[in-house]
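Read through the structure below, which is laid out as structure tokens, and then see the notes.
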Amino acid sequence: MHSYKGNAISWELVDGVIELALHREPCNEMGTLFLSELERLTAALPSFEESAHALIIYSRLACGFSAGGDLRELYQGIRTTEEKTALEGIRDFHQRIHRAMNALDATSLTTLACVHGIVFGGGFELALTCDMIIADKTARFCFPELRLGIIPGFGGIPRLKRDLGNAVVRDLLLTGRSFNVTKAQQIGLVSQVVAEGAALRAARATAAQLAKFDRRTAAAAKKFIKPIPYEELQQEIDIVCDLYARPTVQAALRKFVESTDAQPYLP
Amino acid sequence: MRTHEQTTDEILDLAAAQFKVPRESLSPDDDFFKKLGINSLQALSLLTRLEQHFNVELPDYELQGVTDFRTLAERIQTRL
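Structure follows, in structure tokens:
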């Protein structure tokens, strides 16, 4: 499947580069629709390994890359379903999204997250599966999950720890603060910073450079320098699912979803 | 070193340009959420521009409860 047009994501294979576009309003919230479409891509990834060398993930929406998990859908699921069933659904969702994220992380293609604007929660976690993050000057990163009484659940903590170390993870996770691209480059999260609106062009230029090298060598290098912390990722699912069972989390979700406050994203 | 008034003026200039409102319609004591018609995500995009312009890092928890330009300028001033 060299191209796909979905309601949340679309992709196209052009000159050996798969360009995966996120385009679900309002800000690429990641719920069941997003996941089912992402699973189509991850299922197709092995078939791309001969015809492609790179994968670029970017957003077509002005708001940014992604605001993360679809909290409204999650809240509706908890509110309208018997508790045990809802918690089983949450675990199933997390296991599925971990499989998809792991597939992106492990693919032999070189992966580039091309981000701008909001890069929050699950959106940040999606970017962290990639080999490189290219950001424009509007990008802003955040793990706001503690505000809801949970931790990032799509693999963010083990991957951020893998890439940057524990001290950075503690700061971002425990304060829930957002930070700009200058900080992101200082701590080594972002490999290229470009002008507003120029990230996709920079990612395409980078992908063209990658095409010059032998793919087997690039894949071997990637496997060597980017180990996947499977054990910690599984632990993360267990911790997140335990936290979702707490009434305080459900109350925090309700407060967020029903809030008319102009600042629900601020801690 | 900028004065507080200069910082406030520069914030008003940047906010007017970013959200395409007439500069003269903004004043220091305005509630920027209401006056600019923005939500919290858009406020964070303003914060990103302000951090770049003033070359500061301003943790967003320091902005909790801040809704007017004058107080925003005070917070930035402490980081200059």
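Residue numbers (this note's numbering), protein chains in the order written: chain A, 1452 to 1718; chain H, 264 to 343.
Cβ coordinates follow ideal geometry from the N, Cα and C atoms, glycine included.
Of all C-beta pairs linking the region 1585-1604 of chain A to the region 264-279 of chain H, fewer than three are shorter than 8 Å, placing the two stretches out of contact. With contacts defined by Cβ atoms closer than 8 Å, A/Arg1666 and A/His1549 do not form a contacting pair. Looking at the DSSP output, A/Lys1456 sits in a beta bridge with A/Ser1461. Taking 8 Å as the CB threshold, H/Asp323 lines the interface with chain A. The continuous beta strand (DSSP E) containing A/Met1583 extends over residues Met1583 to Asp1587. Using a Cβ distance threshold of 8 Å, A/Cys1478 and A/Ala1518 count as a contacting pair. Counting along the chain, the unbroken beta strand (DSSP E) around A/Cys1593 starts and ends at Arg1591 to Cys1593.
When DSSP states are grouped into helix, strand and coil, A/Thr1633 belongs to the helix group. Contact note: A/Ser1629 reaches chain H through Leu307, Leu310, Thr311, Pro322 and Asp323, using a C-beta cutoff of 9 Å and chain order. For A/Gln1643, the secondary structure class from DSSP, reduced to helix, strand or coil, is strand. Between A/Ile1460 and A/Leu1489, the C-beta gap is smaller than 8 Å, which places the two residues in contact. Using a 10 angstroms sphere on the CB of A/Asn1631, the tally of other CB atoms reaches 16 or more, which defines it as buried. In the DSSP assignment, A/Ala1564 forms a beta bridge with A/Ile1508 and A/Ile1584. Judged by beta-carbon spacing, A/Val1566 lies beyond the 8 Å limit of A/Ala1671, meaning their Cβ atoms are not closer than that value. CA-to-CA, the gap between A/Glu1682 and A/Val1691 works out to about 14 Å. According to the DSSP assignment, A/Ile1638 belongs to no alpha helix (DSSP H), since it is labelled neither H nor E. The closest CA to that of A/Arg1542, considering only A/Leu1623, A/Val1468, A/Thr1483 and A/Arg1511, is found on A/Thr1483.
The three-state reading of DSSP puts A/Gly1528 in helix, counting H, G and I together.
Shortest Cα-Cα distance from A/Ala1495 to any of A/Thr1531, A/Leu1704, A/Gly1604 and A/Leu1560 involves A/Leu1560. The continuous alpha helix (DSSP H) containing A/Gly1573 extends over residues Gly1572 to Leu1579. Across the region 1630-1648 of chain A, CB contacts with chain H closer than 9 Å involve Phe1630, Asn1631, Val1632, Thr1633 and Lys1634, in sequence order along the chain. If only uninterrupted alpha helix (DSSP H) runs of at least 4 residues are considered, those enclosed by the region 276-334 of chain H are 295-299 and 303-317. With contacts defined by Cβ atoms closer than 8 Å, A/Glu1576 and A/Phe1605 form a contacting pair. Counting the other CB atoms within 10 Å of its CB gives H/Tyr324 a total below 16, which places it among the exposed residues. A/Ser1517: member of the beta strand (DSSP E) spanning Gly1515 to Ser1517, first to last residue.
Using beta-carbon distances, H/Gln269 does not count as an interface residue toward chain A, since no partner is under 8 Å. Between H/Leu304 and H/Ile339, the CB-CB gap reaches or exceeds 8 Å.
Counting only runs that start and end inside the region 1666-1699 of chain A, the alpha helix (DSSP H) elements of at least 4 residues fall at 1666-1676 and 1681-1695.
A/Ala1653 has no beta-bridge partner at all, per DSSP.
Listed along the chain, the chain A residues whose CB falls inside 8 Å of the CB of H/Gln315 are Lys1588, Asn1631 and Thr1633. Assignment of beta-bridge partners to A/Glu1470 by DSSP yields A/Glu1463 and A/Ile1507. For a cut-off of 8 Å, the C-beta gap from A/Arg1511 to A/Leu1473 is around 7 Å, short enough to register as a contact.
Judged by DSSP secondary structure, A/Glu1488 falls within the alpha helix (DSSP H) whose first and last residues are Thr1483 to Phe1499.
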